[in-house]
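Chains as they are written, first to last, in numbering that gives the first Met the number 0: chain A, 0 to 404; chain B, 0 to 402.
Positions of the beta carbon are idealized from the N, C-alpha and C atoms, including for glycine.
Computed from a predicted structure; not experimentally measured.
Right, one structure below, let's go through it.
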Amino acid sequence: MGAGRPLEGIRVADFTWVWAGPFCTLQLAHLGAEVIRIETASRPCVTRMLPPWLDGKPGINRSGYFNQYNQGKLSLSLDLKQPRAVEIAKELVAQSDIVCENFAAGVMVRFGLGYEVLSQVKPDIIMIAMSGYGASGPEHEYVSYGPAQVPLSGMSSLTGYSGWPPMHVGISYGDPTGGLHGAFAVLAALLYRQRTGKGQFIDLSQQETSIAVLPEGVLAQTMNGEQPPRSGNRDPWMAPHGVFRCAGEQRWVSLAVRNDKEWHRLASAIGNAALADDKRFSSLQARKANEDELEKIITAWTLQHSPEDITEVLQGIEIASFPAFNSQDLSDDPHLNRAGAFVELEHPEVGRLRHIGMPWRMLGTPCAVERPAPCLGQHTDYVMSEILGHSDGEIAELKSAGVLR
Amino acid sequence: MSERALEGLRVIECGELVAAAYATKLLADLGADVIKVEPPGNGDAARYRGPFPGNQVDPEKSGLFLYLNTNKRAITLDLRQRRGQEILRELVGGADLLVHNFGPHEMTAAGIDYPSLSEINPKLILVSIAPFGLEGPHSTWATTDLTLWNAGGIAYLNGGGPGTDDMPPLKAFGQQAGFQGGLNAAIAALAAVFARGVNGAGQHVVISIQECLAAILELTYEYYPYMGLIASRLGHKPIQPLDFLECKDGWIFVCCVEEHQWQTLVDLMGNPEWTQIELFENRIARAANWDACKLFLQEWASTQSVSDLYHAGQARRIPLAPVSTMADLLTSDHLKTRGFFAVIDHPKAGRVTMPGAPYGFGCTPWELRRPAPLLGQHNDEIFSTLLQLNESTRRDLHAQGVI
Numbered sequence: 000m001g002a003g004r005p006l007e008g009i010r011v012a013d014f015t016w017v018w019a020g021p022f023c024t025l026q027l028a029h030l031g032a033e034v035i036r037i038e039t040a041s042r043p044c045v046t047r048m049l050p051p052w053l054d055g056k057p058g059i060n061r062s063g064y065f066n067q068y069n070q071g072k073l074s075l076s077l078d079l080k081q082p083r084a085v086e087i088a089k090e091l092v093a094q095s096d097i098v099c100e101n102f103a104a105g106v107m108v109r110f111g112l113g114y115e116v117l118s119q120v121k122p123d124i125i126m127i128a129m130s131g132y133g134a135s136g137p138e139h140e141y142v143s144y145g146p147a148q149v150p151l152s153g154m155s156s157l158t159g160y161s162g163w164p165p166m167h168v169g170i171s172y173g174d175p176t177g178g179l180h181g182a183f184a185v186l187a188a189l190l191y192r193q194r195t196g197k198g199q200f201i202d203l204s205q206q207e208t209s210i211a212v213l214p215e216g217v218l219a220q221t222m223n224g225e226q227p228p229r230s231g232n233r234d235p236w237m238a239p240h241g242v243f244r245c246a247g248e249q250r251w252v253s254l255a256v257r258n259d260k261e262w263h264r265l266a267s268a269i270g271n272a273a274l275a276d277d278k279r280f281s282s283l284q285a286r287k288a289n290e291d292e293l294e295k296i297i298t299a300w301t302l303q304h305s306p307e308d309i310t311e312v313l314q315g316i317e318i319a320s321f322p323a324f325n326s327q328d329l330s331d332d333p334h335l336n337r338a339g340a341f342v343e344l345e346h347p348e349v350g351r352l353r354h355i356g357m358p359w360r361m362l363g364t365p366c367a368v369e370r371p372a373p374c375l376g377q378h379t380d381y382v383m384s385e386i387l388g389h390s391d392g393e394i395a396e397l398k399s400a401g402v403l404r
Numbered sequence: 000m001s002e003r004a005l006e007g008l009r010v011i012e013c014g015e016l017v018a019a020a021y022a023t024k025l026l027a028d029l030g031a032d033v034i035k036v037e038p039p040g041n042g043d044a045a046r047y048r049g050p051f052p053g054n055q056v057d058p059e060k061s062g063l064f065l066y067l068n069t070n071k072r073a074i075t076l077d078l079r080q081r082r083g084q085e086i087l088r089e090l091v092g093g094a095d096l097l098v099h100n101f102g103p104h105e106m107t108a109a110g111i112d113y114p115s116l117s118e119i120n121p122k123l124i125l126v127s128i129a130p131f132g133l134e135g136p137h138s139t140w141a142t143t144d145l146t147l148w149n150a151g152g153i154a155y156l157n158g159g160g161p162g163t164d165d166m167p168p169l170k171a172f173g174q175q176a177g178f179q180g181g182l183n184a185a186i187a188a189l190a191a192v193f194a195r196g197v198n199g200a201g202q203h204v205v206i207s208i209q210e211c212l213a214a215i216l217e218l219t220y221e222y223y224p225y226m227g228l229i230a231s232r233l234g235h236k237p238i239q240p241l242d243f244l245e246c247k248d249g250w251i252f253v254c255c256v257e258e259h260q261w262q263t264l265v266d267l268m269g270n271p272e273w274t275q276i277e278l279f280e281n282r283i284a285r286a287a288n289w290d291a292c293k294l295f296l297q298e299w300a301s302t303q304s305v306s307d308l309y310h311a312g313q314a315r316r317i318p319l320a321p322v323s324t325m326a327d328l329l330t331s332d333h334l335k336t337r338g339f340f341a342v343i344d345h346p347k348a349g350r351v352t353m354p355g356a357p358y359g360f361g362c363t364p365w366e367l368r369r370p371a372p373l374l375g376q377h378n379d380e381i382f383s384t385l386l387q388l389n390e391s392t393r394r395d396l397h398a399q400g401v402i
């Protein structure tokens, strides 16, 4: 039984940047592929230039944002504005199985690294382009930023408190959703290549992958011509269903009641005997009709307790509940710590800090993050000599010419 | 017809609601043969979530179910009965993957355990998607999509805004914890199939939805280990504008990350005097004084139309985005040209338009070959041809409520 990681021996030429693309290649790195990020000091990845930095001190290798989403990868510095750098990129593609990029449509072609060219260099290459709007269509060259993808895809028009303006979701949700769809598509193409020997080009639109997770919104419109109203944390089929204030500063608990039996158990847990028989709340329909009132009663109870106490009580009677976790809660959580959710590896500039690892356990081919995120250009020499066979003299010359920069 | 990427892959799905069903939809839409197992009687809970045509509840017309189960065949099987479990084992004998999203207790009750299934089929890949994984103190806890969104740390990052910290953490629309769990499961599943192509062995893969969500906290989680700070939904954004403005016919999202984008927007607005105020001189200053800056911007936006502003801004490389309504998406020229939305003909729900291919492959198609199945639609087909149960056996099983 082979216990190697699933993608052991697969090499990825990673031209991605910011979050969506690097999140796609993070999955491939987690699965054991050798992912080589092509970066340049003349235009570093946006996430290297953003906080959080260790101790608040900026530095190109000190950002937690970059270091989280580039775990396990290698870094080759290569300034693609230079013709010789483009030739080196082609040499790398010739030694790779997969090419990933998430520039706006057309940028790779302008570098001279479009699929037409790369499939000449490596006929069975699998290449994925993950632009904001996809590779075709009247808006394909539009500029797309993570925060704008959430409204563009329709998520914001559906998300928000009742009667409030459209809202965000707290993260640039289109990026990881696009990145995961991208990793899935690459694996499907890899299986096809395993069977037939053929590579192919994949055109992924972050807008479309973001719409793919909104079926209830889209189908309400296509079936009934209605847009579902923004309704906060409420649910059409469950009540109470919300996030409630608890004792303490910004302490909140989520809970959801799925049926009348659960409601009766919750009513007794609240300790108000009359509540279980109160006609205003006796059925889902009644609870939905009187939901404002219902939420006031729940809040009066939760305000007296901590989120942990509420959760413990409700889990004891099999009602779904969980505190609204923040990053410290996640870090301190005994369940997550025991599950091995965190990765702490020695990084040359930030030392051993905690990052989030992969959310799956493959029991037959165990995966583990093998190395922390790379410093910019950390593996330039390795890639140039071990993979591409350039001599030390050539490498030194390319460095001084600013090609390997 | 060209060959499909996942042609020949047989998948059994024991899924409820979103996570397992989305994982296997991704597989089915690329050509895998997916057989969905539902409990007799009511079937999958997704059949009761809607939306429904005319808002009339009908388990054969739920939009969520119709979307999540394209290209699948479906049987009914009572996995609480021994005979039901035996039939599942027979199915597993000829399958590549079994994907489920039962918790650890339900999984045992349904007779799903890796050691005994791998005895029947050593090449089987068992994919278990569970809220908190299969082990540990929270693994048996009750959850819904809302409580998981909170457990993963995302809800805490959203909602309210400056001066509204009495408003609760806010979930995203829909069943996003389920979708994230499904996406990660589909990735791990295909990786396991790929590994099996190399080493010949099946395996058990476990996905924790809570960990899937903790993995997408963007830059927020790392503020804690790197700087000892806890990110929350409260307070001001570090740079502006990154906000929603109301136009005369809808909402637009104004996004100026780089200074030159702001300068171009100022130009587009006709260089109004207020933009020269020192309080708004750079993106950090605008964020610190956003309340005032937004008033000016909002006043201007309210005279504009969303579509004109969006295209005018994008023509100048300002990353503006419309706050698309569902109707906007369905009438978008861009999405129409790309042929994104797909139409299926369903025997009960009729013609239904839904999100289509989220990616296009050069050689292998993404296709809708069949609409979502009716409850137990393929019982006869699968029990007779695949499992060779004769008619009288099938009648007995039906009478016993097994199928």
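| Item | Value |
| --- | --- |
| What are the boundary residues of the beta strand (DSSP E) that residue 203 of chain A is part of? | 199 to 204 |
| Do residue 156 of chain A and residue 330 of chain B have their C-beta atoms closer together than 8 Å? | no |
| With H, G and I counted as helix, E and B as strand and the rest as coil, what does DSSP make of residue 35 of chain B? | strand |
| Using a cut-off of 7 Å between C-beta atoms, extract the partners of residue 167 of chain A located in chain B. | 157 |
| For residue 133 of chain A, decide whether its Cβ has a neighbour in chain B, counting only Cβ atoms nearer than 8 Å. | yes |
| Counting C-beta neighbours from all protein chains within 10 Å, is the total for residue 9 of chain A 16 or more, i.e. buried, or is it exposed? | buried |
| Any C-beta of chain A sitting closer than 8 Å to the C-beta of residue 367 of chain B? | no |
| Roughly how many angstroms separate the alpha carbons of residue 73 of chain A and residue 373 of chain A, rounded to a whole number? | 6 Å |
| If the cut-off is 8 Å on Cβ atoms, which residues from the region 169 to 183 of chain B count as contacting chain A, listed in chain order? | 169, 170, 171, 172, 173, 174, 175, 178, 179, 182, 183 |
| Would you tell me roughly how many angstroms separate the C-alpha atoms of residue 181 of chain A and residue 202 of chain A, rounded to the nearest one? | 9 Å |
| Excluding the 5 residues preceding and the 5 following residue 395 of chain B in the sequence, name in chain order all residues of the same chain whose CB lies nearer than 7 Å to its CB. | none |
| Can a CB atom of chain A be found closer than 8 Å to the CB of residue 69 of chain B? | no |
| Just the Cα atoms here: how many angstroms apart are residue 364 of chain B and residue 223 of chain B? | 44 Å |
| With residue 143 of chain A and residue 205 of chain A assumed to form a contact (beta carbons below 8 Å), what rounded beta-carbon distance in angstroms separates them? | 7 Å |
| Within the chosen definition, does the region 356 to 364 of chain A reach the region 185 to 203 of chain B through at least 3 CB pairs nearer than 8 Å? | yes |
| Report back the beta-carbon spacing between residue 139 of chain A and residue 104 of chain A to the nearest angstrom; my notes put them in contact at under 8 Å. | 4 Å |
| Which of the three DSSP states, helix, strand or coil, is assigned to residue 229 of chain A? | coil |
| Go through the region 97 to 138 of chain A residue by residue and report every complete run of the beta strand (DSSP E) that reaches 3 residues or more, in order. | 97 to 100, 125 to 130 |
| Apart from the five residues just before and just after residue 219 of chain A, which ones in its own chain have a Cβ nearer than 8 Å to its Cβ? | 225, 226, 227 |
| So, is residue 81 of chain B buried or exposed, given that buried needs 16 or more other C-beta atoms within 10 angstroms? | exposed |
| Kindly say whether residue 313 of chain B, judged by its beta-carbon, lies nearer than 8 Å to any beta-carbon of chain A. | yes |
| Measure the C-alpha to C-alpha separation of residue 397 of chain A and residue 42 of chain A and round it to an integer number of angstroms. | 18 Å |
| Within this structure, are the beta carbons of residue 61 of chain B and residue 79 of chain B separated by less than 8 Å? | no |
| Anything in chain A within Cβ reach of residue 232 of chain B, meaning under 7 Å, just list it in chain order. | 169 |
| For the alpha helix (DSSP H) that residue 361 of chain A lies in, which residues bound it at each end? | Premise fails: residue 361 of chain A lies in the beta strand (DSSP E), 359 to 361, not in any alpha helix (DSSP H). |
| Judging by CA-CA distance, which residue of B:10, B:390, B:2 is the nearest neighbour of residue 189 of chain B? | B:10 |
| By a C-beta neighbour count over all protein chains shown, 10 Å radius and 16 as the cutoff for buried, is residue 156 of chain B buried or exposed? | buried |
| Name the chain A residues that come within less than 7 Å of residue 207 of chain B, Cβ to Cβ? | 338, 358 |
| Name the chain A residues that come within less than 8 Å of residue 254 of chain B, Cβ to Cβ? | 144, 146, 147 |
| Can you tell me which residues form a DSSP beta bridge with residue 65 of chain A? | DSSP output for residue 65 of chain A lists no bridge partner at all. |
| Could I get the ranges of all uninterrupted beta strand (DSSP E) runs contained in the region 100 to 155 of chain B, with 3 residues as the minimum, in chain order? | 124 to 129 |
| Residue 211 of chain B CB to nearest chain A CB: under 8 Å? | yes |
| So, at 7 Å on beta carbons, what are the nonlocal neighbours of residue 119 of chain B in its own chain, with the 5 sequence-adjacent residues on each side left out? | 88, 91, 92 |
| Residue 374 of chain B and residue 75 of chain B look like a contact to me (Cβ under 8 Å); what is the Cβ gap, rounded to whole Å? | 6 Å |
| For residue 51 of chain A and residue 354 of chain A, what's the separation of their Cα atoms in angstroms? | 13 Å |
| Please check if any C-beta of chain B sits within less than 8 Å of the C-beta of residue 0 of chain A. | Note that residue 0 of chain A has pLDDT 39, beneath the 50 cutoff, so the model's placement of it is unreliable and the number below is only indicative. Yes, its Cβ sits closer than 8 Å to a Cβ of chain B. |
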